[in-house]
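Engineer:
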Amino acid sequence: MKELDLSGIGEKISKIRKEKGLTLKDMVEYTGLSAGYLSNLETGKTSPTLENLHMVTSSLGIDLIELLTSEGRKKQVLRAEEVRIHRYEDYNMEVRLIDFGYDAQIYEVLTIWPGEIRLGPLSRHLYSETCTVLEGELSLELEEKIYKLHKFDSVYIPEKTAHRIWNDSDEKVVTYWVYQKK
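If you use our numbering, the sequence shown corresponds to residues 11 to 192, in order.
Below, the structure is given as structure tokens:
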């Protein structure tokens, strides 16, 4: 099992952001976080929450776990117990990250349980993504329009397109996402 390496996270984020030609202002737009917070994060003056790190890495088109660990892993088969799981209690959400480490694609199985609805900030990423609903009904805000996606409905979200998802039904919703790392 890999040890988490929290040293130099801000420096890594700053380096990647600059390599991609992004300004702090761009990151504010993509993440919804303040410029002051992002600057302090990059200079190591603040400790990030897992949720904020996820928003930053998603906006940069990189994998959170690869940022936190010293090296990526390459696999052809991932067992259920090897899949990385992120839980976001505030949003009744669980993300199972499926990354084989070989190519530029990442896959996620995202589950949102019913409960109190708390909308997160609009997300924008530097990569396109697709989503297919496997179970339940997903609410999606995409370019200021609200959609209800049902079982086997799919959506394509172009890069830099503002969007957010939630579950306002009485049943859990399970979705399958594919996006490009780079």
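We put the beta carbon where it would ideally sit given N, CA and C, even for glycine.
Are the CB atoms of L48 and M65 within a distance shorter than 8 Å?
Structural biologist: Here residue 65 corresponds to residue number 55 of the sequence shown, with the count starting at 1. Here residue 48 corresponds to residue number 38 of the sequence shown, with the count starting at 1. Result no, Cβ atoms of M65 and L48 do not sit closer than 8 Å.
Engineer: Alpha carbon to alpha carbon, how far is G18 from S80? Give it in angstroms, no decimals.
Structural biologist: Numbered from 1 along the sequence shown, position 70 holds the residue referred to as residue 80. Numbered from 1 along the sequence shown, position 8 holds the residue referred to as residue 18. Model confidence at S80 stands at a pLDDT of 46, short of 50, so the residue's coordinates are unreliable and nothing is read from them.
Engineer: So does the stretch 139-151 actually touch the stretch 177-187, counting three or more Cβ pairs closer than 8 Å?
Structural biologist: Flag = yes, the stretch 139-151 and the stretch 177-187 touch.
Engineer: Cα separation between Q115 and R89?
Structural biologist: As a working note, residue 115 is residue 105 in the sequence shown. As a working note, residue 89 is residue 79 in the sequence shown. If I take the Cα positions, the gap works out to 18 Å.
Engineer: Going by Cα to Cα distance, which pick from L150, K170 and T171 is closest to S164?
Structural biologist: To locate residue 164, count along the sequence shown from 1; it is residue 154. Residue L150 is the option with its Cα nearest to S164.
Engineer: Under 8 Å by Cβ, that's how I've got L70 and L136 pegged, so tell me the actual separation to the nearest angstrom.
Structural biologist: The residue given as residue 70 occupies position 60 in the sequence shown. The residue given as residue 136 occupies position 126 in the sequence shown. At roughly 7 Å, the Cβ-Cβ gap stays under 8 Å, so L70 and L136 are in contact.
Engineer: Taking the straight line between their C-alpha atoms, what separation do you get for N62 and F162?
Structural biologist: Within the sequence shown, numbered from 1, the residue matching residue 62 stands at position 52. Within the sequence shown, numbered from 1, the residue matching residue 162 stands at position 152. Cα-Cα distance, rounded: 30 Å.
Engineer: Given this structure, state the Cα-to-Cα distance separating L152 from N102, to the nearest angstrom.
Structural biologist: In the sequence shown, counting from the first residue as 1, residue 152 sits at position 142. In the sequence shown, counting from the first residue as 1, residue 102 sits at position 92. Straight-line Cα distance between these residues: approximately 20 Å.
Engineer: Contact defined as beta carbons within less than 8 Å: I believe R128 pairs with D109. What is the distance between those atoms, to the nearest angstrom?
Structural biologist: The count along the sequence shown starts at 1 and reaches residue 128 at position 118. The count along the sequence shown starts at 1 and reaches residue 109 at position 99. With 8 Å as the limit, R128 and D109 do not qualify as a contact, their Cβ atoms being about 27 Å apart.
Engineer: Sorted by chain position, which residues of the same chain lie with C-beta nearer than 8 Å to R174's C-beta, five sequence neighbours on each side aside?
Structural biologist: Position 164 of the sequence shown, counting from 1, holds the residue named residue 174. These residues qualify, in order along the chain: L129, G130, P131, L132, S133, L150 and E151.
Engineer: Find out if the Cβ-Cβ distance for the pair S138, I95 is shorter than 8 Å.
Structural biologist: Your numbering for residue 138 matches position 128 in the sequence shown. Your numbering for residue 95 matches position 85 in the sequence shown. No, they are not a contact pair.
Engineer: G20 and G54 look like a contact to me (Cβ under 8 Å); what is the Cβ gap, rounded to whole Å?
Structural biologist: Residue mapping note: residue 20 aligns to position 10 of the sequence shown, counting from 1. Residue mapping note: residue 54 aligns to position 44 of the sequence shown, counting from 1. With a Cβ gap of about 5 Å, G20 and G54 count as contacting.
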